[in-house]
Amino acid sequence: MKGYLTNIEQATKENTDYRRVLYTARHSQLVLMCVMPGEEIGEEVHPLDQFIRVEEGEGKVVLDDVEHPLREDDAVVIPEGTKHNVINTGTTPLKLYTVYSPPEHKDGTVHSTKANEKEEHFDGVTTE
């Protein structure tokens, strides 16, 4: 099947992996994340645009050194070149999904925990 269809809210809430790439197209990528209490994604800057939507939990997003609270149902657009970080400040997992445009991670990437994370950037291979 070309394209991808899922109940994104359910998939995000059921996800327990720190990072799980669900689908990679030529110009975008859908990724689930589960950030545990006290954890953070880590400060980074991408040469791409990123959209984040929070389904469960609370935390904060830091965009170019400016902090903003994050709660369930919040969305964030991070333009290319923006220094950013997402931090779980709550007591439950922060569950979110993100869309990278273009893709950021190697298709099929799964990191069960933050400690298992390793850099595997997009290599041009898509799900399609």
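Take -14 as the starting number for the sequence shown in this note's numbering and just add one per residue. For glycine and all other residues, C-beta sits at the position ideal for the given N, C-alpha and C. As the structure is a computational prediction, the values presented were derived from the model and not from experiment.
State yes or no: is the C-beta of residue i nearer than 7 Å to some heavy atom of the ligand ADP?
{"i": "Ser13", "result": "Annotation note on the ligand ADP: not contained in the displayed structure, which lists no ligands."}
If I follow the unbroken alpha helix (DSSP H) through residue i, where does it start and stop?
{"i": "Ala(-4)", "result": "Ile(-7) to Glu(-1)"}
Since I believe residue j is in contact with residue i (beta carbons under 8 Å), could you give me their beta-carbon distance rounded to a whole number of angstroms?
{"i": "Arg4", "j": "His96", "result": "4 Å"}
{"i": "Lys80", "j": "Glu41", "result": "4 Å"}
{"i": "Gly93", "j": "Val16", "result": "In fact, because the Cβ distance is near 11 Å, the residues do not count as touching under 8 Å."}
Measuring straight from C-alpha to C-alpha, what distance separates residue i and residue j?
{"i": "Thr74", "j": "Gln14", "result": "26 Å"}
{"i": "His53", "j": "Pro64", "result": "16 Å"}
{"i": "Glu24", "j": "Thr77", "result": "11 Å"}
{"i": "Ile(-7)", "j": "Gly27", "result": "24 Å"}
{"i": "Asn101", "j": "Lys(-13)", "result": "31 Å"}
{"i": "Gln(-5)", "j": "Met18", "result": "13 Å"}
{"i": "Asp34", "j": "Thr83", "result": "10 Å"}
{"i": "Val62", "j": "Phe36", "result": "5 Å"}
{"i": "Tyr(-11)", "j": "Thr9", "result": "9 Å"}
{"i": "Leu55", "j": "Thr(-9)", "result": "24 Å"}
{"i": "Ala60", "j": "Asn0", "result": "18 Å"}
Which residue comes first and which comes last in the beta strand (DSSP E) that contains residue i?
{"i": "Glu52", "result": "Val51 to Leu55"}
{"i": "Arg4", "result": "Arg4 to Thr9"}
{"i": "Lys99", "result": "Taken as a continuous stretch (DSSP letters only), Lys99 belongs to no beta strand (DSSP E), as it is neither H nor E."}
{"i": "Leu81", "result": "Leu79 to Ser86"}
Out of the options, state which residue places its alpha-carbon closest to the alpha-carbon of residue i.
{"i": "Glu29", "options": "Val84, Gly93, Thr(-9) and Asp50", "result": "Asp50"}
{"i": "Asp2", "options": "Tyr8, Val61 and Met21", "result": "Met21"}
{"i": "Pro88", "options": "Arg11, Asn0 and Thr94", "result": "Arg11"}
{"i": "Lys(-2)", "options": "Asp58, Tyr85 and Lys91", "result": "Asp58"}
{"i": "His90", "options": "Pro32, Leu55 and Thr(-9)", "result": "Pro32"}
Counting Cβ pairs closer than 8 Å, one from the stretch 66 to 73 and one from the stretch 43 to 53, do we hit at least three? Flag = yes, the stretch 66 to 73 and the stretch 43 to 53 touch.
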